[in-house]
Amino acid sequence: MSYTGPDFDPPRPHRSPLRRPLTVLLAALVAGALLGWGVYAAVGGPRDGGGTERAAGVRTPPVPSSDAPAASGDDAKEPAGGSGSAAATASPGRRAPSPSAPAASAPLAGKVVVIDPGHNPGNFRYPSRINRKVDIGTHRKECDTTGTSTDSGYAEAAFTLDVAHRLRDLLTRQGATVRLTQDGDRAYGPCVDERARIGNEARADAAVSIHADGSGAGNRGFHVILPGPVHAGAADTRPIVGPSRDLGTRIAGHFVRVTGSAPSNYVGGGTGLVTRTDLGGLNLSKVPKVFVECGNMRDGRDAALLTSGAWRQKAAQGISGGIVSFLRG
Ligand code: ZN
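In structure tokens:
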């Protein structure tokens, strides 16, 4: 493992002197990375303020897809004990924003965030439609895929919608205008080209696609997928490569701190960051965009996290923290 610590957030002008002691503490912990991820969870878990300054992440090479279509996704129900809504309800500060609050007090007022819940619970019912090819600039690729599932049948498409809802709530409370590419309100899809187009047409300040991976048992951890430079056909990611890396680096850093999950042990070289040029949702994006693979549904220990509503709330908080950090930068 070459990971050298949670070095994700690029250096930024400081916002709060109160964060200095924590930064110093974390810097010491980075130097002593052998202490393990539990330390980061202990230090960063309860805090998701979005400001601990870090050095930039490490560039990683493209890797092949490990998010192949797998399960039919025929069970989108919450597993026993998942209690997502209960966990969310119990989370502190889960109140609707006051309609009378001045917009200026909301840190993300005027910002637009597009959340793309990966796949669709209905995709498996429409194989011919989701298998039809769409142009992603570099080549033609399937409109969409069914996504994976845990061994017990918790579908990735259910996971992505749940995290998307939690993330929407968190960002809306901060004043952002949030749009989902799908909300369980359509039979299948949208296709990956439309998912990108929704972010583009919304002129999103940030877009994030939510996923969980379908890799082999023993492969664990999260990773954030960044767009690589692509200039072919309708795809031109050159303007968004830099800001997307900034966005993804911040999300990875906050995700580590809030969830306590380690970066992937099977892609990204321990950085939690992976660059790809084969994803239509990234290739066709004109706005800063990343994918977050929150964990591996096919690993039992990751699955135990992914099926926990309390953990999904943390995942949403980690992603939210990165977005807020990026947008306020
Ligand atoms: Zn996926």
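So the sequence shown is residues 94 to 422, counted in our numbering.
Virtual Cβ for every residue (Gly too), placed ideally from N, Cα, C.
{"Asked": "So does the segment 387 to 399 actually touch the segment 304 to 322, counting three or more Cβ pairs closer than 8 Å?", "Found": "yes"}
{"Asked": "Of the residues P381, A202, V367, V207, which one's Cα is nearest the Cα of L273?", "Found": "V207"}
{"Asked": "What three-state label does DSSP hand R225 in the structure shown?", "Found": "coil"}
{"Asked": "Quick one: Cα of A257 to Cα of H212, how far?", "Found": "12 Å"}
{"Asked": "Hey, could you find the ends of the beta strand (DSSP E) F384 is sitting in?", "Found": "382 to 389"}
{"Asked": "Is the beta carbon of V323 less than 8 Å from the beta carbon of V383?", "Found": "no"}
{"Asked": "Exposed or buried, what is E294 when buried is set at 16 or more other beta-carbons lying within 10 Å of its beta-carbon?", "Found": "exposed"}
{"Asked": "For the beta strand (DSSP E) that contains V301, what are its first and last residues?", "Found": "299 to 306"}
{"Asked": "Does S242 come out as helix, strand or coil in the three-state DSSP assignment?", "Found": "strand"}
{"Asked": "Where do the N-terminal and C-terminal ends of the alpha helix (DSSP H) with H347 fall, by residue?", "Found": "331 to 352"}
{"Asked": "Is G240 close to the ligand ZN? I mean its beta-carbon at under 7 Å from any heavy atom of the ligand.", "Found": "yes"}
{"Asked": "Kindly give me the distance between the Cβ atoms of G374 and R288, rounded to whole angstroms, as I take these residues to be in contact under 8 Å.", "Found": "5 Å"}
{"Asked": "Would you report the Cα separation of R405 and G326, rounded to the nearest angstrom?", "Found": "37 Å"}
{"Asked": "Give the secondary structure of K204 by DSSP, where H, G and I count as helix, E and B as strand, and everything else as coil.", "Found": "coil"}
{"Asked": "If you follow the beta strand (DSSP E) that T368 is in, where does it begin and where does it stop?", "Found": "366 to 369"}
{"Asked": "With DSSP as the reference, label H324 as helix, strand or coil.", "Found": "strand"}
{"Asked": "Any idea which residues DSSP pairs E249 with across the strands?", "Found": "Answer is none; E249 lacks a bridge partner."}
{"Asked": "Cα separation between R233 and S378?", "Found": "16 Å"}
{"Asked": "Apply the 10 Å Cβ neighbour rule to G203 and answer buried if 16 or more other Cβ atoms are within range, or exposed otherwise.", "Found": "exposed"}
{"Asked": "Where does the unbroken beta strand (DSSP E) through K234 begin, and where does it stop?", "Found": "233 to 235"}
{"Asked": "Tell me whether G211, by its Cβ, gets closer than 7 Å to a heavy atom of the ligand ZN.", "Found": "yes"}
{"Asked": "Pull up the distance between the alpha-carbon of G282 and that of P210, whole angstroms please.", "Found": "10 Å"}
{"Asked": "Mind checking A345: buried by the 16 CB within 10 Å criterion, or exposed?", "Found": "buried"}
{"Asked": "Got a sec: does the ligand ZN put a non-hydrogen atom nearer than 7 Å to the Cβ of P304?", "Found": "It should be pointed out that residue 304 corresponds to His in this sequence rather than to Pro. Within the cutoff, so yes."}
{"Asked": "Does the Cβ of G314 have 16 or more other Cβ atoms within 10 Å, making it buried, or fewer, making it exposed?", "Found": "buried"}
{"Asked": "Quick one: any contact between the segment 329 to 341 and the segment 241 to 260, if contact means 3 or more CB pairs under 8 Å?", "Found": "no"}
{"Asked": "How should D278 be labelled, buried or exposed, when 16 other C-beta atoms within 10 angstroms of its C-beta is the threshold for buried?", "Found": "exposed"}
{"Asked": "Taking L319 as the reference, give the member of R261, V360, A397 with the closest Cα.", "Found": "V360"}
{"Asked": "Check R272 in the structure and name its three-state DSSP category.", "Found": "strand"}
{"Asked": "Leaving aside the five residues before and after R140 along the sequence, list all residues of the same chain whose C-beta is less than 6 Å from its C-beta, in chain order.", "Found": "Model confidence at R140 stands at a pLDDT of 33, short of 50, so the residue's coordinates are unreliable and nothing is read from them."}
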